[in-house]
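First residue of the sequence shown? That's 0 in numbering that gives the first Met the number 0, and the numbers climb one at a time after it.
All C-beta atoms, glycine included, are put in the ideal place defined by N, C-alpha and C.
Structure record follows, encoded as structure tokens.
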Amino acid sequence: MFSELDSILNISPENFPQTEFTLVSDRKADASFLIHYFLSFYLRAGCKVCFLGLVQSFSHYSAVSQRLGVSLIQAREKGQLVFLEGLKGALAVLLEEKPNPSAQTLGFLRSPHTGLRGLYEFVQESLMTKGEEGKWGPPVLIVDDLTVFLSLGVRVGAVLDFTHYCRAFVCSKLQGNVVMLIRGEEEEGDEEGSELLLKGLTHQCSLALRVEGLPTGYCRDIHGQMEVFRRVSGSCVGGLKTHKNLFQFKVHDKGASFFARGTSSAVL
């Protein structure tokens, strides 16, 4: 499972911070395992979760979560999980199927210049509907890949507006948490697209998890490294300071193993 990651982040399903915006990013590695981690973590914690699945299907996430001991089907049936299946919704929008409830939510597919207001309204509606009073814990929004918006023609500024409003609504108004994934460009120094978005989001987040490939190249027993940046109250400029830690990791079928750089048995 992900018990080691729980320890690294100093959280548990019974005790975790609220009003936190977590930014997950990757470069020359795959950080998807962290999205699976946060999805299963917050469901086990009893939170109401709105998941915007833009790059993978519900069945994909359900299969992985099942191995982690969480049933997405049950969570969705009892109202704990609201899952937007972007791939299926996009097909309906582009083929103009009727009736089509995704038309307004995914309207940016036809008119990227209009922004992501419809998607933001979907998030609002999903998390404001609490069902039985007090049944769920703090609301959580998870987005599996913001970079998709850029590839579909949505402006960087519009994506940053979307994330800002989501953070204000979920973290500030509802006292919940936000987790978002962004893919980095392959080339260092690329200031376009996702790099501009990454820089903008870094200024918004309170916790950043940056997954990268190993500087030395491919290794069968070490899949990459993860830098953990946590912004905490301090006495430096702006009243904030950042704690940074670096770990190497290996992803396996039911989670991931983490270890300090250079301490894996593969390099000893």
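Nearest to residue i (by Cα), restricted to the options the options
i    : options                   : result
A74  : G52, K87 and S39          : S39
P16  : G52, V139, L196 and V23   : V139
H202 : T21, N9 and F1            : T21
S11  : Q247, C170 and Y36        : Y36
V227 : L200, L83 and F246        : F246
L195 : A259, L86, L145 and H59   : L145
Q123 : V169, Q174, T162 and K134 : V169
A207 : V23, S2 and F1            : V23
A62  : A89, R116 and F32         : F32
G68  : F1, L149 and N244         : F1
D29  : K243, R229, N244 and R209 : R209
K253 : Y60, S64 and H112         : S64
R154 : N14, G114 and G106        : G114
F108 : N14, G183, S70 and F148   : A small correction: the amino acid at residue 108 is Leu; Phe does not occupy that position in the sequence shown. The shortest Cα separation from L108 among N14, G183, S70 and F148 belongs to F148.
Inter-residue Cα distance where the pair is residue i and residue j
i    : j    : result
G192 : H251 : 31 Å
V81  : L118 : 13 Å
G136 : Y41  : 9 Å
T241 : I7   : 15 Å
S110 : L213 : 39 Å
R66  : K47  : 21 Å
K198 : D220 : 31 Å
G78  : T215 : 46 Å
K172 : C218 : 44 Å
L167 : A157 : For the record, residue 167 in the displayed sequence is Ala; it is not Leu. Roughly 15 Å separates the two Cα atoms.
C165 : S205 : 14 Å
T104 : C49  : 14 Å
V236 : K87  : Below a pLDDT of 50, predicted positions are generally treated as unreliable, and V236, at 47, falls in that range; the measurement from the model is reported next regardless. Their Cα atoms are separated by approximately 46 Å.
A259 : E120 : 42 Å
V177 : G45  : 15 Å
S325 : I34  : Any property of residue 325 remains undetermined from this structure, which presents the chain solely from 0 to 267.
Y60  : R229 : 27 Å
R243 : M179 : Correcting the residue type first, residue 243 is Lys in the shown sequence and not Arg. Answer to the nearest angstrom: the Cα atoms are 19 Å apart.
Y183 : M225 : The residue asked about is misnamed: residue 183 is Gly in this sequence, not Tyr. Roughly 14 Å separates the two Cα atoms.
H112 : A89  : 17 Å
L51  : S70  : 17 Å
S125 : E13  : 24 Å
N9   : R116 : 35 Å
Bounding residues of the alpha helix (DSSP H) (the contiguous stretch that carries residue i)
i    : result
L22  : Here L22 belongs to no alpha helix (DSSP H); instead the beta strand (DSSP E) covers F20 to R26.
I72  : L71 to E76
K134 : First-last for K134: undefined, no H or E at that position.
S205 : It is not in any alpha helix (DSSP H) - S205 carries neither H nor E in the DSSP assignment.
G254 : That residue, G254, is in no alpha helix (DSSP H); its beta strand (DSSP E) goes G254 to A259.
V155 : V155 to R166
F37  : S31 to R43
I7   : S2 to L8
G117 : R116 to M127
Q65  : F57 to R66
V169 : Note, V169: premise wrong, no alpha helix (DSSP H); not H, not E.
F148 : T146 to S150
Residue i: CB within 7 Å of a non-hydrogen atom of the ligand MG
i    : result
S205 : Because no ligand of any kind appears in the structure shown, any question about the ligand MG cannot be addressed here.
Integer Cβ distance of residue i from residue j, believed to fall under 8 Å
i    : j    : result
A255 : L4   : 7 Å
L151 : I181 : Contact doesn't hold; Cβ gap of about 14 Å is too wide.
R43  : E211 : With 8 Å as the limit, R43 and E211 do not qualify as a contact, their Cβ atoms being about 28 Å apart.
G223 : F248 : 6 Å
Outcome for residue i when other beta-carbon atoms lying within 10 angstroms are tallied against a minimum of 16
i    : result
V142 : buried
M127 : exposed
I72  : exposed
E84  : buried
G175 : buried
V231 : exposed
T162 : buried
S58  : exposed
E76  : exposed
E19  : buried
Host beta strand (DSSP E) of residue i (start-end)
i    : result
I181 : N176 to R182
V48  : C46 to G52
L83  : L80 to E84
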